[in-house]
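*Asks:* Pasting a structure here, questions to come.
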Amino acid sequence: MTATSPLRDAVLAAVAMSCQPGTQGQVSEHATLAGLGLDSLDRITLAVAVEEATGLPVPDDALPGLRTVADLISCLVTQEEGGTHL
Amino acid sequence: MSEARDIAIAGTGAVGLAVAWELLQRGVTVAVIGPRGGEHRGQASRAAGAMLSTFSEIEPGHDPARVAAETAERLAAHDLYPAWLDRLGVGPARAGTWVVAPGGRRAWLAPIAAAALAAGHPAEFHDAGEVPGLHLPAESAGALWLPTEASIDSLALVEALTDAIAGHPGARWEDAVVVAVDGGIVTYEGGGTITAGQVVLAAGAMTGSLLPEGGRAIGVPPILAGRGVSLLLDAPGVPLEHVVRTPNAAFACGVHLVPRAGRTLYLGGTNRLTISPDPQRRPSVGELMALIGDAVALLDHRLATAEVTTARVGLRPYTIDHLPLIGRTGDPRVLLATATYRCGVLLAPRLAALVASEIEAPGALDAHPYRVLRPVATPEPEAVISGAAADLIDHLLQGDGHLSAQARAELAAFFPAALQALLARPGSTALRRLWQAAPVPEAIPSLLSLTGRPGAGQ
Amino acid sequence: MKSASISPPGMKARVEVPRELALGLASACTPAMDGHQWAGENVTMARAVLDGPAGWDAAGVLASLLGRPGVGPGWAVLRMPSGLDDARLRLAGAGMLAAIGRPFFSINEGGSLWIGGESTPERDAASFGGNGRQGLHIDAPNTEIVPDYTSLLVLRPDPAGGGHSLVGDLHAALAEMSGADRGELAQLAYFEGHAHRLCGTGAPRMPFPVLDDGGPGRPWIRWAAKMTADRRNHAHMDVLHRYAEALDAHSWVVPLERGCLLVLDQQRAAHGRAALGDQAGLPNGTRRLLLQAKSAFDPAAPAQVLASASGTSDE
Numbered sequence: 001m002t003a004t005s006p007l008r009d010a011v012l013a014a015v016a017m018s019c020q021p022g023t024q025g026q027v028s029e030h031a032t033l034a035g036l037g038l039d040s041l042d043r044i045t046l047a048v049a050v051e052e053a054t055g056l057p058v059p060d061d062a063l064p065g066l067r068t069v070a071d072l073i074s075c076l077v078t079q080e081e082g083g084t085h086l
Numbered sequence: 087m088s089e090a091r092d093i094a095i096a097g098t099g100a101v102g103l104a105v106a107w108e109l110l111q112r113g114v115t116v117a118v119i120g121p122r123g124g125e126h127r128g129q130a131s132r133a134a135g136a137m138l139s140t141f142s143e144i145e146p147g148h149d150p151a152r153v154a155a156e157t158a159e160r161l162a163a164h165d166l167y168p169a170w171l172d173r174l175g176v177g178p179a180r181a182g183t184w185v186v187a188p189g190g191r192r193a194w195l196a197p198i199a200a201a202a203l204a205a206g207h208p209a210e211f212h213d214a215g216e217v218p219g220l221h222l223p224a225e226s227a228g229a230l231w232l233p234t235e236a237s238i239d240s241l242a243l244v245e246a247l248t249d250a251i252a253g254h255p256g257a258r259w260e261d262a263v264v265v266a267v268d269g270g271i272v273t274y275e276g277g278g279t280i281t282a283g284q285v286v287l288a289a290g291a292m293t294g295s296l297l298p299e300g301g302r303a304i305g306v307p308p309i310l311a312g313r314g315v316s317l318l319l320d321a322p323g324v325p326l327e328h329v330v331r332t333p334n335a336a337f338a339c340g341v342h343l344v345p346r347a348g349r350t351l352y353l354g355g356t357n358r359l360t361i362s363p364d365p366q367r368r369p370s371v372g373e374l375m376a377l378i379g380d381a382v383a384l385l386d387h388r389l390a391t392a393e394v395t396t397a398r399v400g401l402r403p404y405t406i407d408h409l410p411l412i413g414r415t416g417d418p419r420v421l422l423a424t425a426t427y428r429c430g431v432l433l434a435p436r437l438a439a440l441v442a443s444e445i446e447a448p449g450a451l452d453a454h455p456y457r458v459l460r461p462v463a464t465p466e467p468e469a470v471i472s473g474a475a476a477d478l479i480d481h482l483l484q485g486d487g488h489l490s491a492q493a494r495a496e497l498a499a500f501f502p503a504a505l506q507a508l509l510a511r512p513g514s515t516a517l518r519r520l521w522q523a524a525p526v527p528e529a530i531p532s533l534l535s536l537t538g539r540p541g542a543g544q
Numbered sequence: 545m546k547s548a549s550i551s552p553p554g555m556k557a558r559v560e561v562p563r564e565l566a567l568g569l570a571s572a573c574t575p576a577m578d579g580h581q582w583a584g585e586n587v588t589m590a591r592a593v594l595d596g597p598a599g600w601d602a603a604g605v606l607a608s609l610l611g612r613p614g615v616g617p618g619w620a621v622l623r624m625p626s627g628l629d630d631a632r633l634r635l636a637g638a639g640m641l642a643a644i645g646r647p648f649f650s651i652n653e654g655g656s657l658w659i660g661g662e663s664t665p666e667r668d669a670a671s672f673g674g675n676g677r678q679g680l681h682i683d684a685p686n687t688e689i690v691p692d693y694t695s696l697l698v699l700r701p702d703p704a705g706g707g708h709s710l711v712g713d714l715h716a717a718l719a720e721m722s723g724a725d726r727g728e729l730a731q732l733a734y735f736e737g738h739a740h741r742l743c744g745t746g747a748p749r750m751p752f753p754v755l756d757d758g759g760p761g762r763p764w765i766r767w768a769a770k771m772t773a774d775r776r777n778h779a780h781m782d783v784l785h786r787y788a789e790a791l792d793a794h795s796w797v798v799p800l801e802r803g804c805l806l807v808l809d810q811q812r813a814a815h816g817r818a819a820l821g822d823q824a825g826l827p828n829g830t831r832r833l834l835l836q837a838k839s840a841f842d843p844a845a846p847a848q849v850l851a852s853a854s855g856t857s858d859e
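Residue numbers (the numbering used here), protein chains in the order written: chain E, 1 to 86; chain B, 87 to 544; chain G, 545 to 859.
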């Protein structure tokens, strides 16, 4: 269950957009959201940016459980493969 | 093991345990599901003072109908409390609270005093220097002494309730975290389930996360979480006998000190809205800075030398209309006892009696202001922001700043219009998402903060 | 047959409609109309289907909840069995309405009994979930003959989780009003909307009294929350606001799923709607879809026969 390259790229770009300019260079799949300086409010802008970039929902209750960028990607991969809830 | 029990209670904070114990007293068998020992991270009850605030929670600017409803329930709780503590074998609550007004804010004391006097309770105005054991800063604007307003050690309370229930033959305790409630079935960590005729869900800020679709299909309104950080201090230099607190006022944190056994002081007072509560998250440096900064600046500079023994986080559950959720949902098998915001410990015996009455006579709470199925209107942003504008300015000025009356009036008109326009802008998706999740005054500081973030206002 | 004592709403106000009854109604009846009324032969067929053990049980429960005279809550949620398509739900719903009266439409939308459709999308991005709330009201309070019963059939709840129905107890609210306020509400002085081109309701009646004690039986309370925003009522705003608050204190959210039919005796219960959830991104065909139909009191309807036989005593 690996992420498609377009999905991965879209997520990385969205994460970079939500970071302060100085931290953007540190964005990678293994980076932790906290390490990138993203607090709980930033996670809202991140969720919105990811939703707009990928078309997949990132619900509020998923946000606290995301530790790394990779966690965010796998949360979306599950949905991309048809496991959407609602 | 699956001995049948009449009622299952999901959640082991003050309210859930109070409900369980009340039902046991009435001869009902119960299954309690929730952690018994352990850290209980994020649980409001154990992070609480607790102040039994019958009157001192009242804020200037609260809608009078809300104040009347809440005061009536708090008074009812207040009257039940001594006998309740006595039956539990917990010592009496410590009576007497000082409410201290920060500089320039003496007017905040007025609605509290008025409510106390109207209810036949004493309330005396004093100078700041008259608060025993405390060296208030010189600019403090006065102090209100409420002799009948009490406090209790909330940790001792929940432990006494735990012992009373665990030792009762009518109770079964499943020591596990609840992960889901669906109809009469409670699922806990590890995959086990308990089924009962009815479930009382008393899981505070996590309540929505346990129900299918957040409880919407059974009429449960959204429950927000106000994150509070508290400290236990060893402070021999600040010998307090009674609670000392500042009033709440929209965004003011209402910092408070509650004396505990020995020379221990409980210090509490932050309240930060979170729309996706994470009970595992420990106190942040920023939260501790805010708490300690307020305590030292508004209460007593000598606190700076106190030793910190424990830090806790509590998630205070509340609804958009700021009233609790008590009684049956759209599914008659599921009842709620939660959303008590800052008053769960005080209201516990009262809510337990109300829930028990609903179980015994379904429909008993159908006209109660705290009923779960009451219509909770989503307020218009304009109304909320206009109402909070004056408080927002106070909050930003931190009490010692000064604005001319004209500047203040202009800002008070400007803020609502600006925030309204910002929310309407197409690129403000993140702001709108926050507002939709939490259309309450408590969201406004977060809206301000979010506006400046990268990606928020494209 | 016992009539219910004052039932707490909700607990006993849910009625499961047995599968064989619903399917029987759906196969025996058609959508045919006589003008604004469901065709006479449909009413006859529906009542014939209801004339059996399952139907007697259902009629009995409806009698206690909705029958007149009666002291029940005046509203009920009828839950149709799962798996019925929209067409069968309409027919089964109409059949159950025939148990309490004669189904009809008051607004002509293409001649069908069930009116309404999908909620229209919010075009204004600045609607933060606050729009779409419909205050508590009865339908057509401003007509000579207020429809006796109204009903809402849920084909699709709001996928965004909002739009719950609200129900209010009109007489419990009235009981909280002072004598002076009741006197003021009884004045022939109130206005609401316009009542053109309604069917089955007699002529428009404006002004009208909110508290209308003119007829036999329980008084009517001709109420709509919108009246507090109508300038024609300016001389009576205070009492209208007091009544609105009293009604709010006696109102509840009623969550409904697909296949639920909320039926209200307009003499006893007002209805409304909570705001819809975030409608952004919801395409046509996925949004909330509710239909509405009325039913006129008919003493020969099976539930009314039972209600009058048992009288008004409390149990």
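All C-beta atoms, glycine included, are put in the ideal place defined by N, C-alpha and C.
1) Against E299 (chain B), what residues of chain G qualify as contacts under a CB-to-CB distance less than 9 Å, listed in chain order?
2) How would you write the range of the alpha helix (DSSP H) that E564 (chain G) sits in, first residue to last?
3) Taking the continuous alpha helix (DSSP H) assigned at Q506 (chain B), which residues delimit it?
4) Within 10 Å of its beta-carbon, does R191 (chain B) have 16 or more other beta-carbons around it, so buried, or fewer, so exposed?
5) If you compare alpha carbons, which of G:A590, G:R563 and G:N777 is closest to M750 (chain G)?
6) Please list, in chain order, the residues of the segment 31–61 of chain E that have any C-beta partner in chain B closer than 9 Å.
7) What residues from chain B crowd round S18 (chain E), counting only those whose CB sits closer than 8 Å?
8) Note down the Cα distance separating L508 (chain B) from S514 (chain B), rounded to an integer number of angstroms.
9) Look up T360 (chain B) in the DSSP assignment and say whether it is helix, strand or coil.
10) For the beta strand (DSSP E) that contains D320 (chain B), what are its first and last residues?
11) Taking all protein chains shown into account, decide if N828 (chain G) is buried (16 or more other Cβ within 10 angstroms of its Cβ) or exposed.
12) So L63 (chain E) contacts chain B; which residues on that side make the cut at Cβ distance below 7 Å?
13) For chain B, check one thing: does any of its Cβ atoms lie closer than 9 Å to the Cβ of A14 (chain E)?
14) Could you check if W194 (chain B) belongs to the surroundings of the ligand NAD, using beta carbon to heavy atom distance under 8 Å?
15) With 7 Å as the limit, tell me which residues of the segment 505–525 of chain B have their beta carbon closer than that to any beta carbon of chain E; keep them in chain order.
16) Report the residue ranges of all alpha helix (DSSP H) runs contained in full by the segment 247–316 of chain B; include only those spanning at least 4 residues, in chain order.
17) With V116 (chain B) and G256 (chain B) assumed to form a contact (beta carbons below 8 Å), what rounded beta-carbon distance in angstroms separates them?
18) Taking only three categories from DSSP, how would you classify S532 (chain B)?
19) If L697 (chain G) and G637 (chain G) are in contact, beta carbons under 8 Å, what's the gap, nearest whole angstrom?
20) Could you confirm whether any beta carbon from chain B is found closer than 9 Å to the beta carbon of H715 (chain G)?
21) Out of curiosity, what's the CA-to-CA distance linking H715 (chain G) and L755 (chain G)?
22) Quick one: Cα of S295 (chain B) to Cα of G314 (chain B), how far?
23) If we cut at 9 Å on Cβ distances, does A303 (chain B) have a partner in chain G?
24) With DSSP collapsed to three states, give me the class of T157 (chain B).
25) Counting only Cβ pairs nearer than 7 Å, list the residues of chain B close to P799 (chain G).
26) Start and end of the beta strand (DSSP E) containing W619 (chain G)?
27) Given a threshold of 16 other Cβ atoms within 10 Å of its Cβ, counted over all protein chains shown, does L732 (chain G) qualify as buried or as exposed?
28) Contact between the segment 164–177 of chain B and the segment 426–440 of chain B is defined here as three or more beta-carbon pairs at a separation below 8 Å; is this criterion met?
29) What are the boundary residues of the alpha helix (DSSP H) that Q63 (chain B) is part of?
30) Name the chain E residues whose beta carbon is nearer than 8 Å to that of S532 (chain B)?
31) Contact check, F649 (chain G) vs L657 (chain G) under 8 Å by CB: the rounded distance?
32) Hey, how far is the Cα of A602 (chain G) from the Cα of G147 (chain B)?
33) Could one say the Cβ of E560 (chain G) lies closer than 9 Å to chain B's Cβ atoms, at least one of them?
34) If we define contact as Cβ-Cβ less than 9 Å, is Q129 (chain B) a contact residue for chain E?
35) Identify, in the order they occur along the chain, each residue of the same chain with its Cβ nearer than 7 Å to the Cβ of E393 (chain B), setting aside the five sequence neighbours on each side.
36) Among E:G37, E:V77 and E:P64, which one has its Cα closest to the Cα of L56 (chain E)?
*Replies:* Reading from the atomic positions:
1) Position 213 of the second sequence, counted from the first residue, corresponds to residue 299 (chain B). Result: G705.
2) As a first step, residue 564 (chain G) must be located in the third sequence, where it is residue number 20. Membership of E564 (chain G) in the alpha helix (DSSP H) is indicated by the continuous run R563 to A572.
3) The count along the second sequence starts at 1 and reaches residue 506 (chain B) at position 420. From DSSP, the alpha helix (DSSP H) with Q506 (chain B) extends over A491 to A510.
4) One-based indexing of the second sequence puts residue 191 (chain B) at position 105. Here R191 (chain B) is buried. Its C-beta has 16 or more other C-beta atoms within 10 Å.
5) Within the third sequence, residue 750 (chain G) is the residue found at index 206, counting from 1. Comparing Cα positions, the closest option is G:N777.
6) Taken in chain order, the members of the segment 31–61 of chain E whose beta-carbon sits within less than 9 Å of a beta-carbon on chain B are D39, S40, L41, D42, R43, I44, T45, L46, A47, V48, A49, E51, E52, P59, D60 and D61.
7) Taking the first residue of the first sequence as position 1, residue 18 (chain E) is located at position 18. Ordered by position in chain B, the residues that pass the 8 Å Cβ test against S18 (chain E) are R539, P540 and G541.
8) Sequence index remark: in the second sequence, residue 508 (chain B) carries index 422 (1-based). Sequence index remark: in the second sequence, residue 514 (chain B) carries index 428 (1-based). Those two C-alpha atoms are separated by around 7 Å.
9) As a first step, residue 360 (chain B) is located in the second sequence; it is residue number 274 there, counting from the start. It is a strand residue.
10) In the second sequence, residue 320 (chain B) corresponds to position 234, counting from 1. Where D320 (chain B) is concerned, the enclosing beta strand (DSSP E) starts and stops at I309 to D320.
11) As a position in the third sequence, residue 828 (chain G) is number 284, starting the count at 1. It is exposed - the Cβ of N828 (chain G) has fewer than 16 other Cβ atoms within 10 Å.
12) The residue labelled residue 63 (chain E) in the question sits at position 63 within the first sequence. Under the 7 Å cutoff, chain B gives S362.
13) Locating residue 14 (chain E) in the first sequence gives position 14, counting from the first residue. Under the Cβ criterion of 9 Å, A14 (chain E) is counted among the residues facing chain B.
14) Among the ligands in the structure shown, none appear at all, so the ligand NAD cannot be discussed.
15) If the cut-off is 7 Å between Cβ atoms, the segment 505–525 of chain B has T515, A516, R519, L520 and A523 near chain E.
16) As far as the segment 247–316 of chain B is concerned, its whole alpha helix (DSSP H) runs of at least 4 residues are 293–296.
17) Counting from one through the second sequence, the residue named residue 116 (chain B) turns up at place 30. Counting from one through the second sequence, the residue named residue 256 (chain B) turns up at place 170. By a beta-carbon distance limit of 8 Å, V116 (chain B) contacts G256 (chain B). Their separation comes to about 7 Å.
18) Within the second sequence, the letter at position 446 stands for residue 532 (chain B). Reduced to three states, the DSSP call for S532 (chain B) is helix.
19) Along the third sequence, read from residue 1 onward, the residue named residue 697 (chain G) stands at position 153. Along the third sequence, read from residue 1 onward, the residue named residue 637 (chain G) stands at position 93. Contact holds; Cβ gap of about 5 Å.
20) To locate residue 715 (chain G), count along the third sequence from 1; it is residue 171. Taking 9 Å as the threshold, the shortest C-beta distance from H715 (chain G) to chain B does not fall below it.
21) If you number the third sequence from 1, residue 715 (chain G) lands on position 171. If you number the third sequence from 1, residue 755 (chain G) lands on position 211. Going from the Cα of H715 (chain G) to the Cα of L755 (chain G) covers about 10 Å.
22) Taking the first residue of the second sequence as 1, we reach residue 295 (chain B) at position 209. Taking the first residue of the second sequence as 1, we reach residue 314 (chain B) at position 228. S295 (chain B) and G314 (chain B) have their C-alpha atoms roughly 20 Å apart.
23) Here residue 303 (chain B) corresponds to residue number 217 of the second sequence, with the count starting at 1. Yes, its Cβ sits closer than 9 Å to a Cβ of chain G.
24) Along the second sequence, read from residue 1 onward, the residue named residue 157 (chain B) stands at position 71. T157 (chain B): helix per DSSP, three-state reduction.
25) The sequence position of residue 799 (chain G) within the third sequence is 255, counting from 1. Those are A303, I304, G305 and G416, listed as they occur along chain B.
26) Translated into the one-based positions of the third sequence, residue 619 (chain G) becomes position 75. Membership of W619 (chain G) in the beta strand (DSSP E) is indicated by the continuous run W619 to R623.
27) Counting from one through the third sequence, the residue named residue 732 (chain G) turns up at place 188. So L732 (chain G) ends up on the exposed side.
28) The segment 164–177 of chain B makes contact with the segment 426–440 of chain B; the number of CB pairs closer than 8 Å reaches 3 or more.
29) Only positions 87 to 544 of chain B appear in this structure, which leaves residue 63 (chain B) out of reach.
30) Translated into positions along the second sequence, residue 532 (chain B) becomes position 446. Residues of chain E passing the Cβ test: L41.
31) On the third sequence, residue 649 (chain G) is found 105 positions in, with the first residue counted as 1. On the third sequence, residue 657 (chain G) is found 113 positions in, with the first residue counted as 1. Yes, F649 (chain G) and L657 (chain G) are in contact; Cβ-Cβ is about 6 Å, under 8 Å.
32) Position 58 of the third sequence, counting from 1, holds the residue named residue 602 (chain G). Position 61 of the second sequence, counting from 1, holds the residue named residue 147 (chain B). Cα to Cα, the separation comes out at about 51 Å.
33) The sequence position of residue 560 (chain G) within the third sequence is 16, counting from 1. Judged by the 9 Å Cβ criterion, E560 (chain G) is not in contact with chain B.
34) Here residue 129 (chain B) refers to the residue found at position 43 of the second sequence. Not closer than 9 Å to any Cβ of chain E, the Cβ of Q129 (chain B) fails to qualify, so no.
35) What you label residue 393 (chain B) is simply residue 307 of the second sequence in a count that begins at 1. L319 and D320, listed in sequence order.
36) On the first sequence, residue 56 (chain E) is found 56 positions in, with the first residue counted as 1. Just measuring C-alpha positions, the residue of E:G37, E:V77 and E:P64 sitting nearest L56 (chain E) is E:V77.
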